[in-house]
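If you count the sequence shown from 1, position 2 lands on 1 in numbering that gives the first Met the number 0, and the numbers rise without skipping.
Built from N, CA and C at the ideal position, the CB exists for glycine as well.
Fair warning: this is a prediction, and the values are worked out from it, not measured in the lab.
Encoded as structure tokens, the structure appears first; notes follow it.
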Amino acid sequence: MGVTTVTEMTDGVLHTLFRTEQGGHEQVVLCQDRASGLKAVIAIHSTALGPALGGTRFHAYASDEEAVLDALNLSRGMSYKNALAGLDLGGGKAVIIGDPDVLKSEELLLAYGRFVESLGGRYVTACDVGTYVADMDVVSRATRWATGRSPENGGAGDSSVLTAYGVFQGMRASAQHLWGDPTLRGRKVGVAGVGKVGHYLVEHLLEDGAEVVITDVREESLRRVLDKHPQVTAVADTAALIRTEGLDIYAPCALGGALNDETVPALTAKVVCGAANNQLAHQGVEKDLADRGILYAPDYVVNAGGVIQVADELHGFDFDRCKKKATKIFDTTLEIFARAKADGIPPAAAADRIAEQRMAEARAARKA
Numbered sequence: 000m001g002v003t004t005v006t007e008m009t010d011g012v013l014h015t016l017f018r019t020e021q022g023g024h025e026q027v028v029l030c031q032d033r034a035s036g037l038k039a040v041i042a043i044h045s046t047a048l049g050p051a052l053g054g055t056r057f058h059a060y061a062s063d064e065e066a067v068l069d070a071l072n073l074s075r076g077m078s079y080k081n082a083l084a085g086l087d088l089g090g091g092k093a094v095i096i097g098d099p100d101v102l103k104s105e106e107l108l109l110a111y112g113r114f115v116e117s118l119g120g121r122y123v124t125a126c127d128v129g130t131y132v133a134d135m136d137v138v139s140r141a142t143r144w145a146t147g148r149s150p151e152n153g154g155a156g157d158s159s160v161l162t163a164y165g166v167f168q169g170m171r172a173s174a175q176h177l178w179g180d181p182t183l184r185g186r187k188v189g190v191a192g193v194g195k196v197g198h199y200l201v202e203h204l205l206e207d208g209a210e211v212v213i214t215d216v217r218e219e220s221l222r223r224v225l226d227k228h229p230q231v232t233a234v235a236d237t238a239a240l241i242r243t244e245g246l247d248i249y250a251p252c253a254l255g256g257a258l259n260d261e262t263v264p265a266l267t268a269k270v271v272c273g274a275a276n277n278q279l280a281h282q283g284v285e286k287d288l289a290d291r292g293i294l295y296a297p298d299y300v301v302n303a304g305g306v307i308q309v310a311d312e313l314h315g316f317d318f319d320r321c322k323k324k325a326t327k328i329f330d331t332t333l334e335i336f337a338r339a340k341a342d343g344i345p346p347a348a349a350a351d352r353i354a355e356q357r358m359a360e361a362r363a364a365r366k367a
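Structural data, given as structure tokens:
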């Protein structure tokens, strides 16, 4: 009876993993430690370019299957992100199932670290939604393969800093491509989610002279920005933000799926460029954006600053070296826009082609 139950629960996931274009993962590990309450999924999409690097998301999923599918999607995105960031690293991602405010404990994080260690370096973890530098410090006590640690523990600290900086470079490239000038001065930018990454992005935008409108589900996140920057405007929710009159750029910086069949028709912005992973709810959304004349800067291109930062820990962290690499996101974004125009395809498809080419060349070199 137990076997039947497991088969029924995972059939959809197995179909995705083995029989669809979204599959193709090398390895998926289901982790459980009953003593601590840990239930986690580690998904390794590709090691063509090197060990799979990607963060650990701690989230209360509606179902275990939803958690597995999220890990599959996120890990695939990391393969493409790392390839386009010029890193010699593959793509992986982990999710811990549960409410971090309730379930997170030192015992649980150490148990998770032991599972990461058991993979022998095929997967390198870091922070993501629901996990922080202090958590990676704990995880690193059980595994050598944890990045995003505090400087006191040999790490780079908060990777949100360079994530936001990279998104800002993507916005500058978008402005250059669309309006002929790489500045946000005088532009109205809407930021959905001003948490770990979004509030740093607001700082860059204000320094560059942009008008900023924000929203967030957490009142404390809003207050942090508004108290420091009273010139920033807040709206009730994302639905209100995307309909803001005169909006030039929309920056989704919370969870994925922000661009869907309901939101895209309502967008007033001419550019979408944000930090959230997996912004396109399904295949075809990128064409809907293009049909509406909305320029989309692929999320896994512009939000790669964080992974550039944590990856540098593997070689001895140097912030200036990382920032120099993250600045190149400007050039990479322009390259993608140019490729999209030349091939007559949306930017997301152009980015995929460039990343896939690099991974294919790496696989071919291994066989040679």
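Unbroken beta strand (DSSP E) run spanning residue i, endpoints
i, result
"lysine 327", "Unbroken run through lysine 327: none, as it is neither H nor E."
"proline 251", "248-251"
"phenylalanine 57", "55-58"
Closest residue to residue i among the options (Cα-Cα distance)
i, options, result
"alanine 354", "Ala51, Val300, Leu225, Asp317", "Val300"
"tyrosine 164", "Asn277, Lys92, Glu206", "Glu206"
"proline 345", "Tyr60, Glu106, Gln282", "Gln282"
"leucine 73", "Gly53, Val201, Lys366, Gln26", "Gly53"
"glutamate 65", "Thr15, Leu107, Leu108, Pro50", "Thr15"
"serine 117", "Leu333, Cys30, Phe316", "Cys30"
"leucine 68", "Lys340, Ala84, Lys92, Thr46", "Lys92"
"alanine 268", "Thr326, Ala174, Arg357", "Ala174"
"alanine 350", "Ala253, Ser78, Gly189", "Ser78"
"glycine 189", "Gly156, Ile328, Asp180, Val234", "Val234"
"tryptophan 144", "Val224, Leu71, Val212, Val309", "Val309"
"leucine 86", "Gly343, Asp342, Leu313", "Leu313"
"methionine 358", "Val28, Lys80, Asp127, Glu261", "Lys80"
"histidine 44", "Gln26, Asp290, Pro181, Ala265", "Gln26"
"lysine 340", "Lys323, Leu294, Gly11", "Leu294"
"tyrosine 60", "Thr46, Leu102, Leu88", "Leu102"
"alanine 238", "Val231, Pro50, Gly192", "Gly192"
"serine 159", "Ala325, Ala363, Lys38", "Ala325"
"histidine 198", "Val166, Arg184, Arg291, Pro181", "Val166"
"glutamate 105", "Val128, Gly120, Ala141, Arg121", "Ala141"
"glycine 90", "Leu183, Ala42, Arg291", "Ala42"
For residue i: DSSP bridge partner residues
i, result
"glutamate 210", "Lys187"
"valine 40", "Leu29, Val94"
"proline 229", "According to DSSP, which records beta bridges pairwise, proline 229 is partnered with nothing at all."
"glycine 89", "Ala51"
"valine 270", "Ile248, Leu294"
"valine 123", "Leu52"
"leucine 258", "Leu279"
"serine 35", "Answer is none; serine 35 lacks a bridge partner."
"serine 220", "Paired residues: none, contrary to the question."
Unbroken alpha helix (DSSP H) run spanning residue i, endpoints
i, result
"threonine 237", "237-241"
"leucine 102", "99-102"
"glycine 304", "304-311"
"lysine 80", "63-83"
"leucine 107", "105-117"
"isoleucine 344", "Premise fails: isoleucine 344 is in no alpha helix (DSSP H) and is neither H nor E."
Would the stretch 95-114 count as touching the stretch 279-299 if we require 3 or more Cβ pairs under 8 Å?
no
Segments assigned beta strand (DSSP E), at least 3 residues, entirely inside the stretch 136-193
187-191
Check whether the stretch 130-138 and the stretch 148-155 are in contact - that is, three or more C-beta pairs closer than 8 Å.
Look at the beta carbons and you see the stretch 130-138 touching the stretch 148-155: at least three pairs across the two are nearer than 8 Å.
Mind the definition here: the stretch 257-272 touches the stretch 219-235 only if three or more C-beta pairs lie below 8 Å; say whether that holds.
No: the two stretches stay apart, fewer than three of their Cβ pairs being nearer than 8 Å.
Counting pairs of beta carbons, one from the stretch 265-274 and one from the stretch 238-252, are three or more of them closer than 8 Å?
yes
Does the stretch 169-182 come within contact of the stretch 332-348, defined as at least 3 CB pairs closer than 8 Å?
yes
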